[in-house]
Structures are given as C-alpha cells and as structure tokens.
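Written below as structure tokens is the structure these notes are about.
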Amino acid sequence: MTFDHRLSFPPRLVDDYPIKDLGKRGERRDRKQIEVGARYRITYEDRYGVKTEREIEVIEKKKKTLDAYCHLREDTRTFRRDRIKNIIPLQQ
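First residue of the sequence shown? That's 1 in UniProt numbering, and the numbers climb one at a time after it.
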C-alpha cells in the first residue's frame, strides 16, 4: 500500500482568495486598485449578510481591510475588503 502525501494537505485556494470569490476576478482587481485619499461608493455586506450602500474616503489600505471615513455613519470605519461587493470610484 502506498501513501499519497497530497491527500494529507487541504487544497490550496487560487491566489488565497475565499472560494466564493474565485469567479469574481474583476471585482478582486477593483478592490486591489483602491487608492488612499480617493472617494468611492461601495456596496458592503456585514457579517450578518445585510448589504448597505456607502460613500467612503479611504484613509489607509491594508491587505485585508480598508480604514475609511464613512459618510453614512459620519465616522471612521474599518471595512473588510472581501465584504465589499461592489465599488465605484466617485469624482473628487
């Protein structure tokens, strides 16, 4: 009997993105092109699945999150990048 070592490791995701994002390469590209200081309209889905439309100004861009001023909440918020479902750049 031979041991297949490939079966002992979990499969690796393409580009380390969650499975639900694998078919959304354009959306991933848009999230990567976010610029600090720019203003965007986003559709954001919270941990409960509730979607909201927000206007944000990006303060800091991190690998998995964005720190931004949210005009809906009138305060600084941290947004998980994988929960941004749609993003549209706004004119300055």
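Here a beta-carbon is modelled for each residue, glycine too, at the ideal position from N, C-alpha and C.
Cutting at 6 Å between CB atoms, please list the residues of its own chain near Lys85, excluding the five before and the five after it.
Thr43 and Glu45
From Gln91, Glu74 and Lys64, residue whose alpha carbon lies closest to that of Arg83
Lys64
Euclidean distance between Cα positions of Arg39 and Glu57:
The alpha-carbon atoms of Arg39 and Glu57 are separated by roughly 4 Å.
Taking the runs of the beta strand (DSSP E) that are 3 residues or longer, which of them lie wholly in the UniProt domain "WYL" (39 to 87)?
39 to 45, 51 to 61, 65 to 70 and 75 to 80
If you draw a straight line from the alpha carbon of Asp67 to that of Lys61, how long is it in whole angstroms?
6 Å
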